[in-house]
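Colleague: Counting from 1, position 534 in the first sequence corresponds to residue 827 in the working numbering; the numbering is continuous, with no gaps. Before I ask anything, let me first share the structure, which is written out below as structure tokens.
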Amino acid sequence: MNALSEIKSHFSAALAKLVDDPTQALGMIRPAGDPKFGDYQANCAMPLGKQLGKPPRDIAADLVADVSLDSLCSNVEIAGPGFINLTLSDAWLNNHLAAAIKDDRLGVTATDSPRKYVVDYSSPNVAKPMHVGHIRSTVIGDAIAKVLRFAGHEVITDNHLGDWGTQFGMIIYGYKHFLDSSAFKTEPVKELGRLYKFVRQIMDYHSTKKQLPTTQAELVAAQQKVEQLKALPETGDKKAAKKQKKELNNAISAAKKLTGKIEDAQATLQATETSPSLAKIAAQHAEIGNAALLETAALHAGDETNLALWKQFLPMCRDDIQKIYSRLNIVFDKELGESFYHDQLANVVKDLEAKGFTRESDGAICVFLDNHDAPMIVQKRDGAFLYATTDLATIKYRMENFDTDASLYVVDHRQSEHFNKLFDVADKWGYNETELTHVSFGTVMGKDGKPFKTRSGDTVGLEGLLDEAETRAATIAKENNPDISDDLLAQAAKIVGLGGLKYADLSHARTSDYVFDYDKMLSVRGNSATYLQYGYARVQGIIRKTEADIAAIRQSPVAFEFEQPIERQLAVKLLQFSEAIDEMLVDYRPNILCNYLFETAQLFAKFFDQCSVKDASSDSLRTSRLQLCDLTARTLKTGLSLLGIEVLDKM
RNA sequence: GCCCCCGUAGCUCAGCUGGAUAGAGCAACUGACUUCUAAUCAGUAGGUCGCAGGUUCGAAUCCUGCCGGGGGUGCCA
Numbered sequence: 294m295n296a297l298s299e300i301k302s303h304f305s306a307a308l309a310k311l312v313d314d315p316t317q318a319l320g321m322i323r324p325a326g327d328p329k330f331g332d333y334q335a336n337c338a339m340p341l342g343k344q345l346g347k348p349p350r351d352i353a354a355d356l357v358a359d360v361s362l363d364s365l366c367s368n369v370e371i372a373g374p375g376f377i378n379l380t381l382s383d384a385w386l387n388n389h390l391a392a393a394i395k396d397d398r399l400g401v402t403a404t405d406s407p408r409k410y411v412v413d414y415s416s417p418n419v420a421k422p423m424h425v426g427h428i429r430s431t432v433i434g435d436a437i438a439k440v441l442r443f444a445g446h447e448v449i450t451d452n453h454l455g456d457w458g459t460q461f462g463m464i465i466y467g468y469k470h471f472l473d474s475s476a477f478k479t480e481p482v483k484e485l486g487r488l489y490k491f492v493r494q495i496m497d498y499h500s501t502k503k504q505l506p507t508t509q510a511e512l513v514a515a516q517q518k519v520e521q522l523k524a525l526p527e528t529g530d531k532k533a534a535k536k537q538k539k540e541l542n543n544a545i546s547a548a549k550k551l552t553g554k555i556e557d558a559q560a561t562l563q564a565t566e567t568s569p570s571l572a573k574i575a576a577q578h579a580e581i582g583n584a585a586l587l588e589t590a591a592l593h594a595g596d597e598t599n600l601a602l603w604k605q606f607l608p609m610c611r612d613d614i615q616k617i618y619s620r621l622n623i624v625f626d627k628e629l630g631e632s633f634y635h636d637q638l639a640n641v642v643k644d645l646e647a648k649g650f651t652r653e654s655d656g657a658i659c660v661f662l663d664n665h666d667a668p669m670i671v672q673k674r675d676g677a678f679l680y681a682t683t684d685l686a687t688i689k690y691r692m693e694n695f696d697t698d699a700s701l702y703v704v705d706h707r708q709s710e711h712f713n714k715l716f717d718v719a720d721k722w723g724y725n726e727t728e729l730t731h732v733s734f735g736t737v738m739g740k741d742g743k744p745f746k747t748r749s750g751d752t753v754g755l756e757g758l759l760d761e762a763e764t765r766a767a768t769i770a771k772e773n774n775p776d777i778s779d780d781l782l783a784q785a786a787k788i789v790g791l792g793g794l795k796y797a798d799l800s801h802a803r804t805s806d807y808v809f810d811y812d813k814m815l816s817v818r819g820n821s822a823t824y825l826q827y828g829y830a831r832v833q834g835i836i837r838k839t840e841a842d843i844a845a846i847r848q849s850p851v852a853f854e855f856e857q858p859i860e861r862q863l864a865v866k867l868l869q870f871s872e873a874i875d876e877m878l879v880d881y882r883p884n885i886l887c888n889y890l891f892e893t894a895q896l897f898a899k900f901f902d903q904c905s906v907k908d909a910s911s912d913s914l915r916t917s918r919l920q921l922c923d924l925t926a927r928t929l930k931t932g933l934s935l936l937g938i939e940v941l942d943k944m
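Structure follows, in structure tokens:
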């Protein structure tokens, strides 16, 4: 039990005497914002004063008198309008530190209400090269799964691969028409990737060409509207004038957007038209979009040729993706891709129909929902199913086979509307006992503030990204440590480079977009993986230099001594590890854990500066400090491992 | 048109369920290596938390309106 929950349990009974439901008041007990206010503070007296019509300071005094905190706190003070400031006693700290140091789990107890989770993350489209966008889902999902497990929950990780979608139709079409067979023989996946991009380009060319006149007409209309609005006489009415101005601004920005769209379209067209060979192919394959869809449809219908190609391609693609996962050290319990659910989709629609949830509209079978203008389409006019259908089948399958308490979908925030609808339909369908959560995350941007792309406009491949991270880390490691051995350098490059990459993703609030920046990511300072890893390595250095017998110390720790304030601060922080984990899991936010680890490492760096272990003034103080060091290192190592990041003994 | 997200220091970002003087890191400037790892630490400077109202003991946080940016929006995933 951590300090926070222990304090809360002490307050609980006293608060229950004042209000029917103390939950809200208990929520107002939290770590102190400033060390001068002690370690924890209870802020509930002010609102309770209002509610009960008594002065808040009186309420605070009553609470303090009623709650027995002697076993926990050395000091309890009422401050300001009625803040209750709590300072943990050294005896309490000592007990818990000693327990933590003896414990493999560092005193973090497993939850007493374990749940069964499916964490659905990564989910790349196979055969399409993975790019930087996939790494966020992969890294965040993996961290959440690991933390849930550490907290005592049962977790099934599932990589819901896109292995049955239209991209296969495109690749099959490409294979049939544009295959470079020698390239396919030597590097099959690379060739498939090329075919995908090639078909995509021709498809984009035709759809853009078809769309362009419409867009141009829209632009003309938009420009006319701008002129019209500009020409409108000024009205005397303030409100009307304001409305006019707003309409004008809207029209101007609409026209601007259309102009941008047209420029993009023209660039797309030019890319194909300037190459005579490409232009020729484009002309020969005017119906490519439709044809690719037909290849997909044929695959789904069990066409022998296409199915054989799919069966040939899929293992190769999966192996290729697996290379990335191996490098990132990510393992899934299940990899039930879209194709796995293929034969269950018709039944999903049938069942929804039977229950009367569906309605036909324009030939498609739809589920209409309150709060949404557009329905969720579960079967297309041409009879094909959609990802919505697959997602519903997946929910059903997981409930029936895993009996989950919760499913987390670690997916891009752009799909939030899809998930809103999906969860609403699932709820109607009867899956309303299970938690369904879209753990959304923002877009990875380039330094220009636009989605991260290469200079040529392609998305950035993941493999090159990992290489770059390692190379840069190696350079930095070499700079700091010119005599480093090759083995150690390679190891450091991997652990620091990939750790930095993961940490950059995890330490940003997942809901916000973030700017991808190698320099910052591998920064040797600041809130970075390197800083935390360095803290760990420094502890190992101390242990080496002092030749301490850590195993013996762990077995029978001595009393902790807090000679300097920083030692106590660090100790309190170390005991808050489990609070950080609890807090992270409230909204599945890895950055909470990152922050905690960063703060811990910061306190350690100060401790390192101020408190010599080797030259401590007494044996007992030296051992006390060694214990703090050991606990710090283990907290950092464990915390980082929950984030999928490793540490080094020497840096 | 409708829906969602965002706007905090020059830059990149934190800020939990409303709490005490809004925080980090980078960049800038000043210091600290005969010392357990300087991949570090100490310090200075930098703010109208987009704007305006409201709710209240208290608002970056909640509500309304406005301004600015992004995303999504019936048969792609």
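By construction, the Cβ of each residue, glycine as well, lies at the ideal position given by its N, Cα and C atoms.
1. Tell me the start and end of each unbroken alpha helix (DSSP H) in the region 520–589 that is at least 4 residues and wholly inside, in chain order.
2. Could you compute how far the alpha carbon of Ala-762 sits from the alpha carbon of Gly-373?
3. Have a look at Ser-367 and Ala-335 and give me their C-alpha separation to the nearest angstrom.
4. Could you name the residues of the same chain whose beta carbon sits closer than 6 Å to that of Tyr-889, not counting the 5 residues immediately before and after it, in chain order?
5. Pick out whichever of Ser-709, Gln-605, Val-718, Asp-720 has its Cα sitting closest to the Cα of His-731.
6. I'd like the ranges of any beta strand (DSSP E) spanning at least 3 consecutive residues and lying wholly in the region 847–871.
7. Could you tell me if Thr-293 is buried or exposed, where buried requires 16 or more neighbouring beta carbons within 10 angstroms of its beta carbon?
8. Would you kindly work out how many angstroms separate the C-alpha atoms of Ser-415 and Asp-666, rounded to a whole number?
9. If you reduce the DSSP assignment to three classes, tell me which class Lys-627 lands in.
10. Tell me the rounded alpha-carbon separation between Gly-600 and Lys-490.
11. Looking at the structure shown, is Cys-922 part of a helix, part of a strand, or coil, going by DSSP?
12. What number of angstroms, rounded off, separates the C-alpha of Ala-515 from the C-alpha of Lys-673?
13. Three Cβ pairs or more, each shorter than 8 Å: is that satisfied between the region 446–460 and the region 621–638?
14. Might you give, ordered along the chain, the residues of its own chain that have their beta carbon closer than 6 Å to the beta carbon of Ala-403, omitting 5 neighbours on each side?
15. Would you please state the rounded distance, in angstroms, between the beta carbons of Lys-518 and Ala-558? I believe it to be under 8 Å.
16. Given a threshold of 16 other Cβ atoms within 10 Å of its Cβ, counted over all protein chains shown, does Lys-838 qualify as buried or as exposed?
17. Any chance you could list the alpha helix (DSSP H) runs of at least 4 consecutive residues sitting entirely within the region 677–704, in chain order?
18. Residue range of the alpha helix (DSSP H) that His-711 falls in?
19. Use the C-beta contact count for Met-463: other C-beta atoms within 10 angstroms, 16 or more gives buried, fewer gives exposed.
20. Could you pull out every residue in the same chain whose Cβ sits closer than 8 Å to the Cβ of Gln-920, ignoring the five residues on either side in sequence?
21. If we ignore side chains and look at the alpha-carbon of each, how far apart do Ala-802 and Asn-622 end up?
22. According to DSSP, which residues form a beta bridge with Leu-324?
23. Within 10 Å of its beta-carbon, does Leu-525 have 16 or more other beta-carbons around it, so buried, or fewer, so exposed?
24. Output yes or no for whether 8 Å exceeds the beta carbon distance between Tyr-634 and Thr-589.
25. Using the C-alpha atoms, what's the distance from Asn-820 back to Leu-399?
26. Does the region 580–596 come close enough to the region 428–443 to have 3 or more Cβ pairs within less than 8 Å?
27. Taking three-plus beta-carbon pairs below 8 Å as touching, is the region 347–362 in contact with the region 326–333?
28. Could you tell me which residues DSSP puts in a beta bridge with Met-669?
29. Suppose you measure from the CA of Leu-541 to the CA of Ala-309; what does that come to, to the nearest Å?
30. Classify Asn-987: buried if its beta carbon has 16 or more other beta carbons within 10 angstroms, exposed otherwise.
31. Consult DSSP for His-424 and reduce its assignment to one of helix, strand or coil.
32. Give the straight-line distance between the Cα atoms of Gly-375 and Ala-318, rounded to the nearest whole angstrom.
33. Do the region 912–928 and the region 763–783 make contact, defined as three or more Cβ pairs closer than 8 Å?
34. How about Gly-790 and Arg-765: do their beta carbons lie closer than 8 Å?
35. Could you name each continuous beta strand (DSSP E) segment of 3 residues or more that falls completely within the region 773–806, going from the start of the chain to the end?
36. Tell me, please, whether the region 407–414 touches the region 342–353 by the rule of three or more beta-carbon pairs shorter than 8 Å.
Modeller: In this structure, then:
1. Within the region 520–589, the complete alpha helix (DSSP H) segments of 4 residues or longer fall at 531–566, 569–577, listed in chain order.
2. Within the first sequence, residue 762 is the residue found at index 469, counting from 1. Within the first sequence, residue 373 is the residue found at index 80, counting from 1. Answer to the nearest angstrom: the Cα atoms are 50 Å apart.
3. As a position in the first sequence, residue 367 is number 74, starting the count at 1. As a position in the first sequence, residue 335 is number 42, starting the count at 1. The alpha-carbon atoms of Ser-367 and Ala-335 are separated by roughly 15 Å.
4. As a working note, residue 889 is residue 596 in the first sequence. Answer for Tyr-889: Ala-873, listed in chain order.
5. Sequence index remark: in the first sequence, residue 731 carries index 438 (1-based). Nearest of Ser-709, Gln-605, Val-718, Asp-720 to His-731, Cα basis: Ser-709.
6. Entirely contained in the region 847–871, not one beta strand (DSSP E) run reaches 3 residues.
7. With the chain covering only 294 through 944, there is no way to say anything about residue 293.
8. For the purposes of this step, residue 415 is identified with residue 122 of the first sequence, where counting begins at 1. For the purposes of this step, residue 666 is identified with residue 373 of the first sequence, where counting begins at 1. One C-alpha to the other measures close to 30 Å.
9. Within the first sequence, the letter at position 334 stands for residue 627. Three-state result, Lys-627: strand.
10. Reading the first sequence from its first residue, position 307 is the one you call residue 600. Reading the first sequence from its first residue, position 197 is the one you call residue 490. Note that residue 600 corresponds to Leu in the displayed sequence, not to Gly. Rounded to whole angstroms, Leu-600 to Lys-490 spans 21 Å at the Cα level.
11. Numbered from its first residue, the first sequence carries residue 922 at position 629. Of the three classes helix, strand and coil, the one that applies to Cys-922 here is helix, per DSSP.
12. As a first step, residue 515 must be located in the first sequence, where it is residue number 222. As a first step, residue 673 must be located in the first sequence, where it is residue number 380. If you take the alpha carbons of Ala-515 and Lys-673, they lie about 33 Å apart.
13. With a cut-off of 8 Å, the region 621–638 and the region 446–460 count as touching, because enough Cβ pairs lie within range.
14. Here residue 403 refers to the residue found at position 110 when the first sequence is read from its first residue. Taken in chain order, the residues that qualify are Gly-445.
15. Position 225 of the first sequence holds residue 518. Position 265 of the first sequence holds residue 558. Approximately 21 Å separates the beta-carbon atoms of Lys-518 and Ala-558; this is outside 8 Å, ruling out the contact.
16. Residue numbering aside, residue 838 sits at position 545 when the first sequence is read from its first letter. Counting Cβ neighbours within 10 Å, Lys-838 comes out exposed, since fewer than 16 surround it.
17. Runs of the alpha helix (DSSP H) spanning 4 or more residues and lying entirely within the region 677–704 occur at 680–695, in chain order.
18. Within the first sequence, residue 711 is the residue found at index 418, counting from 1. 709–722 is the extent of the alpha helix (DSSP H) around His-711.
19. Mapped onto the first sequence, residue 463 falls at position 170. Only buried fits Met-463, as 16 or more other CB atoms lie within 10 angstroms of its CB.
20. For the purposes of this step, residue 920 is taken as residue 627 along the first sequence, with counting starting at 1. The answer, listed in chain order, is Leu-390, Ile-394, Ile-846, Pro-850, Val-851, Phe-853.
21. Counted from its first residue, the first sequence places residue 802 at position 509. Counted from its first residue, the first sequence places residue 622 at position 329. Rounded to whole angstroms, the separation of the alpha carbons of Asn-622 and Ala-802 is 23 Å.
22. Residue numbering aside, residue 324 sits at position 31 when the first sequence is read from its first letter. Checking the sequence, you will find Pro at residue 324 rather than Leu. The partner list for Pro-324 (beta bridge, DSSP) reads Tyr-333.
23. Residue 525 sits at position 232 when you count from the first residue of the first sequence. Exposed.
24. Position 341 of the first sequence, counted from the first residue, corresponds to residue 634. Position 296 of the first sequence, counted from the first residue, corresponds to residue 589. With respect to Thr-589, Tyr-634 sits apart: the two C-beta atoms are not nearer than 8 Å.
25. To locate residue 399, count along the first sequence from 1; it is residue 106. To locate residue 820, count along the first sequence from 1; it is residue 527. Cα-Cα distance, rounded: 23 Å.
26. No, because fewer than three Cβ pairs between the region 580–596 and the region 428–443 fall closer than 8 Å, the two stretches do not touch.
27. Output reads no: the region 326–333 does not touch the region 347–362.
28. Within the first sequence, residue 669 is the residue found at index 376, counting from 1. In DSSP, Met-669 forms a bridge with Val-660.
29. Translated into the one-based positions of the first sequence, residue 541 becomes position 248. Translated into the one-based positions of the first sequence, residue 309 becomes position 16. Looking at the two C-alpha atoms, the distance is approximately 58 Å.
30. In the structure as shown, the chain starts at 294 and stops at 944, and residue 987 therefore has no counterpart that could be examined.
31. Here the question's residue 424 lines up with position 131 in the first sequence. In this structure, His-424 counts as strand in the three-state DSSP scheme.
32. Locating residue 375 in the first sequence gives position 82, counting from the first residue. Locating residue 318 in the first sequence gives position 25, counting from the first residue. Each residue's Cα considered, the two are about 13 Å apart.
33. Inter-segment contact for the region 912–928 and the region 763–783 is absent: fewer than three beta-carbon pairs are separated by less than 8 Å.
34. Mapped onto the first sequence, residue 790 falls at position 497. Mapped onto the first sequence, residue 765 falls at position 472. Yes; because the gap between Cβ atoms is below 8 Å, this pair is in contact.
35. Entirely contained in the region 773–806, not one beta strand (DSSP E) run reaches 3 residues.
36. Fewer than three Cβ pairs drawn from the region 407–414 and the region 342–353 lie within less than 8 Å of each other, which leaves the two stretches out of contact.
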